[in-house]
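Q: There's a structure below that I have some questions on.
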Amino acid sequence: ARGLHRRFGGRRGLFRTEPTVHAVNDVSIAVRPGETFAIVGESGCGKSTLGRLLLRLIEPNEGRVLYKGRDITDISKGEMRKLRREMQIIFQDPFASLNPRMSVSDIVGEPVRLHGLARGGQVNERVAELLRTVGLRPEFAARYPHEFSGGQRQRIGIARALASEPDLVIGDEPVSALDVSVQAQVINLLEELKDRLGLTLVIVAHDLAVIRHMSDRVAVMYLGEMVELAGVDELYDNPLHPYTQALLKAIPSPTVGERGPRELLQGDVPSPTALPSGCRFHTRCPHARPRCSSEHPSLQAVEGGRRVACHFWREIADAGASAPVLAS
Ligand code: SF4
Ligand code: MG
16 ARGLHRRFGG RRGLFRTEPT VHAVNDVSIA VRPGETFAIV GESGCGKSTL GRLLLRLIEP
76 NEGRVLYKGR DITDISKGEM RKLRREMQII FQDPFASLNP RMSVSDIVGE PVRLHGLARG
136 GQVNERVAEL LRTVGLRPEF AARYPHEFSG GQRQRIGIAR ALASEPDLVI GDEPVSALDV
196 SVQAQVINLL EELKDRLGLT LVIVAHDLAV IRHMSDRVAV MYLGEMVELA GVDELYDNPL
256 HPYTQALLKA IPSPTVGERG PRELLQGDVP SPTALPSGCR FHTRCPHARP RCSSEHPSLQ
316 AVEGGRRVAC HFWREIADAG ASAPVLAS
């Protein structure tokens with residue numbers, strides 16, 4: 016994706032103008048085939064919007080989306096429908112995303128039929144195979160979504176996403192609606208499927224703890240902008256951006272235990288309808304200086320293929336302020 020922008024609202028009425036939400040601002044990313052690429056940030060940071068822009072479920076105001084080297088920004092609906100088979104999404108809420116009036120067999124079988132991947136009785140065989148793939152009993156095909164737990168529903172959602180034999184799967188916070196006890200199971204399932212089926216995975220998450228063990232690279236988003244991009248180990252061991260540092264400090268550390276210093280970020284994310292001037296993080300950044308509120312930091316390339324958008328990242332790193340609290 017190159018230079019993606021997406022705004023919502025801003026319509027002019029007779030008496031008032033709707034506020035414009037700047038959801039995604041000039042984001043460029045290159046997801047590599049076969050990798051797990053995580054997009055992380057608090058809610059309202061534009062990460063779900065970015066995921067949908069990549070799949071062209073919504074249109075960008077500016078910027079291009081390329082898939083396997085082909086510019087798909089302006090392709091026709093018909094062509095996009097064909098491509099849709101290769102690109103799938105797993106939604107956040109397994110309670111809202113499955114049609115309650117459809118049986119599991121119809122939910123999972125629909126993409127198989129739609130894309131002509133099987134016919135007649137073979138569709139049911141394929142559904143049974145997909146259910147087994149996600150760790151569910153094939154007999155479940157006759158049941159309806161309300162008969163399942165959250166974890167099982169998310170497995171059904173994954174089976175549906177896999178039904179069209181995609182190459183690229185985007186998981187929009189695929190485990191955040193689930194009980195903590197089943198989150199790890201679903202994450203492990205996604206990892207295993209990714210390896211077995213050779214998928215490219217993009218995982219959207221609000222929490223760095225969830226994605227650590229499954230990701231290859233991580234993009235950290237703040238108020239619609241990418242503020243840091245790094246390999247997962249570099250990011251956890253040596254976060255460069257103050258926002259990434261704060262997100263890591265918010266993870267409970269197993270060695271410090273429950274009484275430990277769990278530094279949480281000050282205040283809420285500012286509204287994306289009224290963006291702070293200069294560096295968008297300056298209203299919450301513990302390192303902010305006068306320059307930060309007047310000058311917008313660009314995303315600069317640093318050693319090791321990393322990227323960071325902070326005027327003072329090197330000074331902050333040299334001062335040792337980036338020592339992560341997280342123990343691995
Ligand atoms: Fe903090 Fe300034 Fe860096 Fe923004 S540019 S992250 S406010 S130090
Ligand atoms: Mg979201």
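Going by UniProt numbering, the first residue of the sequence shown is number 16, and it counts up by one from there. We treat Cβ as the ideally placed atom computed from N, Cα and C, and that holds for glycine.
Does the pairing of the region 99–108 with the region 174–185 give three or more beta-carbon distances under 8 angstroms?
A: Contact holds: three or more Cβ-Cβ distances are below 8 angstroms.
Q: Helix, strand or coil for tyrosine 159 per DSSP?
A: For the purposes of this step, residue 159 is taken as residue 144 along the sequence shown, with counting starting at 1. Tyrosine 159 falls in the coil class under three-state DSSP.
Q: Threonine 51 by DSSP, collapsed to three states: which one?
A: As a working note, residue 51 is residue 36 in the sequence shown. Here threonine 51 sits in strand by DSSP.
Q: Grab me the residues of arginine 152's own chain with a C-beta within less than 6 angstroms of its C-beta, minus the 5 sequence neighbours each way, in chain order.
A: Numbered from its first residue, the sequence shown carries residue 152 at position 137. Answer for arginine 152: no residue qualifies.
Q: Using the rule of at least 16 other Cβ atoms within 10 Å of the residue's Cβ for burial, across every protein chain shown, is lysine 92 buried or exposed?
A: Locating residue 92 in the sequence shown gives position 77, where the first residue counts as 1. The residue is exposed, with fewer than 16 neighbouring Cβ atoms inside 10 Å.
Q: Smallest Cα separation from serine 286: which of Leu280, Gly59, Cys325 and Ala16?
A: Residue mapping note: residue 286 aligns to position 271 of the sequence shown, counting from 1. Closest option to serine 286, Cα to Cα, is Gly59.
Q: Can you find the residues in the same chain that come closer than 6 angstroms, C-beta to C-beta, to glutamine 198, ignoring five residues on each side of it along the sequence?
A: On the sequence shown, residue 198 is found 183 positions in, with the first residue counted as 1. Only Val190 meet the Cβ criterion.
Q: Under the assumption that valine 55 contacts threonine 288 (Cβ atoms under 8 angstroms), give the Cβ distance between them as a whole number of angstroms.
A: If you number the sequence shown from 1, residue 55 lands on position 40. If you number the sequence shown from 1, residue 288 lands on position 273. The Cβ separation is near 23 angstroms, so there is no contact.
Q: Determine the DSSP secondary structure at histidine 326, reduced to helix, strand or coil.
A: Your numbering for residue 326 matches position 311 in the sequence shown. Coil, per DSSP.
Q: Quick one: residues with CB closer than 5 angstroms to any heavy atom of the ligand SF4, in chain order, please.
A: Matched residues: Pro257, Cys294, Phe296, His297, Cys300, His302, Ala303, Cys307, Pro312, Cys325, His326 and Phe327.
Q: Check whether the region 319–326 and the region 235–242 touch, using three or more Cβ-Cβ pairs below 8 angstroms as the test.
A: With the cut-off at 8 angstroms, the region 319–326 and the region 235–242 touch.
Q: Please return the same chain residues whose Cβ sits closer than 8 angstroms to the Cβ of glycine 66, not counting the five positions on each side in sequence.
A: Residue numbering aside, residue 66 sits at position 51 when the sequence shown is read from its first letter. Cβ within range, chain order: Ile54, Ile104, Ile185, Asp187, Val217 and Val219.
Q: So the candidates are Leu69, Gly24, Phe30 and Phe23; which of them puts its Cα closest to the Cα of isoleucine 44?
A: Start at 1 with the first residue of the sequence shown, and residue 44 comes out as number 29. Ranking the options by Cα distance to isoleucine 44, first place goes to Leu69.
Q: Proline 257: which of Arg329, Ser118 and Ala174 sits nearest, CA to CA?
A: Counting from one through the sequence shown, the residue named residue 257 turns up at place 242. Checked all of Arg329, Ser118 and Ala174; the closest Cα to proline 257 is Arg329.
Q: Am I right that leucine 290 and leucine 238 are in contact with their C-beta atoms under 8 angstroms? What's the rounded C-beta distance?
A: If you number the sequence shown from 1, residue 290 lands on position 275. If you number the sequence shown from 1, residue 238 lands on position 223. About 6 angstroms separates the two Cβ atoms, so the contact holds.
Q: Quick one: is phenylalanine 228 buried, meaning 16 or more other Cβ sit within 10 Å of its Cβ, or exposed?
A: By 1-based counting over the sequence shown, the position of residue 228 is 213. The sequence given here places histidine at residue 228; phenylalanine does not occur at that position. Classification for histidine 228: exposed.
Q: Does histidine 161 pass the burial test, meaning 16 or more other C-beta atoms within 10 Å, or should it be called exposed?
A: By one-based count along the sequence shown, residue 161 stands at place 146. Exposed, by the Cβ-count rule.
Q: Taking the continuous alpha helix (DSSP H) assigned at glutamate 249, which residues delimit it?
A: As a working note, residue 249 is residue 234 in the sequence shown. 247–252 is the extent of the alpha helix (DSSP H) around glutamate 249.
Q: Return the chain-ordered list of same chain residues with a C-beta closer than 7 angstroms to the C-beta of serine 309, the five sequence neighbours on each side being excluded.
A: Taking the sequence shown and counting its residues from 1, one reaches residue 309 at position 294. Contacts found: Ser292 and Gly293.
Q: Under a three-way DSSP split, which group does arginine 299 fall into?
A: Here residue 299 refers to the residue found at position 284 when the sequence shown is read from its first residue. Correct three-state label for arginine 299: coil.
Q: Can you tell me whether alanine 342 is buried or exposed, with buried defined as 16 or more other CB within 10 angstroms of its CB?
A: The residue you call residue 342 lines up with position 327 of the sequence shown. With a pLDDT of 39 at alanine 342, under the threshold of 50, the modelled position of this residue cannot be trusted; read the value that follows with caution. Answer is exposed; the Cβ neighbour count stays below 16.
Q: What whole-angstrom Cβ distance do valine 142 and isoleucine 173 have, given they're in contact under 8 angstroms?
A: What you label residue 142 is simply residue 127 of the sequence shown in a count that begins at 1. What you label residue 173 is simply residue 158 of the sequence shown in a count that begins at 1. That belief does not hold up - the Cβ atoms of valine 142 and isoleucine 173 are roughly 13 angstroms apart, past 8 angstroms.
Q: Where does isoleucine 73 fall in DSSP's three states?
A: For the purposes of this step, residue 73 is taken as the residue at position 58 of the sequence shown. Correct three-state label for isoleucine 73: coil.
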